[in-house]
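Colleague: According to the working numbering, the sequence shown is numbered sequentially starting from 1126.
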Amino acid sequence: MSDTMNIKPDARPTQNSAGRSAARRILIGVLVAAVAAYLSAMAYMYLFQRSFVFKPGGEVAAPVVAGVPEVSVDTIRMADGTEVIIWTAPPTMEDAPTVLFFHGNSGNLSDRADRFRHILDSGYGLYAPGYRGYPGSGGAPSEVAFVADGLEHFDRLSGGDAAVIVHGQSLGTGVATAVAAQRAGIDLLVLEAPYTATVDMAAEQYPWLPVSFLMKDPFVSRDRIGQVDAPVFIAHGTADEVIPVAHGEALFGFANDPRSLMIVEGADHGNLWSHGLWDEVQRQIDGRGQ
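#1: Is Ile-1153 helix, strand or coil by DSSP?
#2: Which stretch, first to last residue, makes up the beta strand (DSSP E) that contains Pro-1254?
#3: At what residue ranges does the stretch 1160-1216 contain a whole run of the alpha helix (DSSP H), taking only runs of 4 or more?
#4: Which one or two residues does DSSP pair with Thr-1223 in a beta bridge?
#5: What would DSSP say about Gly-1373, mapped onto helix, strand or coil?
#6: From Arg-1384, Arg-1237, Ala-1166, Val-1209, pick the residue whose C-alpha is nearest to that of Asp-1312; which is it?
#7: Label Val-1289 either buried or exposed according to how many other C-beta atoms from any shown protein chain fall within 10 Å of its C-beta, with 16 as the threshold for buried.
#8: Between Ala-1355, Gly-1362, Leu-1245, which has its C-alpha nearest Ala-1392's C-alpha?
#9: Taking Cβ to Cβ, would you say Gly-1284 is nearer than 9 Å to Val-1209?
#10: Would Gly-1336 and Ala-1328 be called neighbours here (beta carbons separated by less than 9 Å)?
#11: Ala-1301 by DSSP, collapsed to three states: which one?
#12: When you compare each of Val-1291, Asp-1236, Val-1269, Gly-1264 to Leu-1251 by their alpha carbons, which one comes out closest?
#13: Helix, strand or coil: how does DSSP classify Ile-1388 here?
#14: Considering Cα atoms alone, identify which of Arg-1240, Ala-1360, Val-1224, Met-1340 is closest to Leu-1172.
#15: Of the choices Arg-1242, Tyr-1331, Thr-1223, whose alpha-carbon is the least far from that of Ala-1287?
#16: Where does Glu-1317 sit, in a helix, a strand or coil, going by DSSP?
#17: For the 8 Å Cβ check, are there 3 or more pairs between the stretch 1224-1240 and the stretch 1181-1191?
#18: Among all the DSSP beta bridges, which residues are the ones paired with Gly-1362?
#19: Using beta carbons (cut-off 9 Å, strictly below), is Ala-1355 in contact with chain B?
#20: Taking the alpha carbon of Gly-1274 as the point to measure from, which residue in Arg-1242, Arg-1237, Phe-1226, Ser-1295 has its own alpha carbon closest?
#21: Within the same chain, show all residues whose beta-carbon is closer than 8 Å to that of Gln-1307, passing over the 5 residues directly before and after it, in chain order.
#22: Note the first and the last residue of the continuous alpha helix (DSSP H) segment covering Val-1324.
#23: Ala-1270 and Thr-1321 look like a contact to me (Cβ under 8 Å); what is the Cβ gap, rounded to whole Å?
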């Protein structure tokens, strides 16, 4: 019998190695949870992004209730059969232009009646369409639909000899710019509190998301405005907390001449008209006739 003893090593892990394994498992669990949360956030933003961009609401008030009794309300059928509401009124001043007005992203058409009152009081005509998916109109909102409808509205309006101003407010600046980039014969493109692109704004608000990959409706006005041959007038307020004034300034840099920029100190997103926006529009139109 041999005197040599076979001693087996202790198979149990040391306290240190057990601790490292536990820490590794916790770390992996945290990473998996973080990735799952990130992917869930991406999926949520992708699926529901249009509820952030388009915010229809309320009921369309009758023009007489809204303070513009001379406006006619019609429903027209677009090329694909979708019916949308439009508010129209002819010019009351000889040779005055008609304003094709694309409103902002919230509420409905009648919420802009105060702006329409200024336009009509100047003797100008009005053609203001409601958006698809908004009160008074059928269909669903999207950039593709808005731009296609905008082009069709312009073609309906520009069939005669009347001068046309294309005016975009906030979200509507993307529609107005797209229309002006694809159509000639526009007397003035007015951009009220514009953005360079909705995808740019989304990137600023959600820098942790790949918004350029996720965005369905990027409204890239910075790429389109260089194709606009019409005179461009941009107005923006320094106190705008919805679309920072830097967007208006940057978009102005992309525009062709003739172009003009009105930066209003202390004005916010919704009160540019009370700071002289419409007065400046009229001045530019009247100046072109001299």
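Every residue, glycine too, gets a C-beta built ideally from N, C-alpha and C.
Modeller: So, from the data block:
#1: helix
#2: 1250-1254
#3: 1175-1178, 1188-1191
#4: Gly-1250, Val-1289
#5: helix
#6: Arg-1384
#7: buried
#8: Gly-1362
#9: no
#10: One point to set straight first is that residue 1336 is Val, not Gly, in the sequence displayed. Taking 9 Å as the Cβ cut-off, Val-1336 and Ala-1328 qualify as a contacting pair.
#11: helix
#12: Val-1291
#13: strand
#14: Met-1340
#15: Thr-1223
#16: strand
#17: yes
#18: Val-1389
#19: Looking at the structure shown, chain B is missing, and only one protein chain is on hand.
#20: The sequence as given places Asp at residue 1274; Gly does not occur at that position. Looking at the Cα atoms, Phe-1226 is the closest of the given residues.
#21: Leu-1276, Gln-1352
#22: 1323-1330
#23: Not confirmed; about 22 Å, so no contact.
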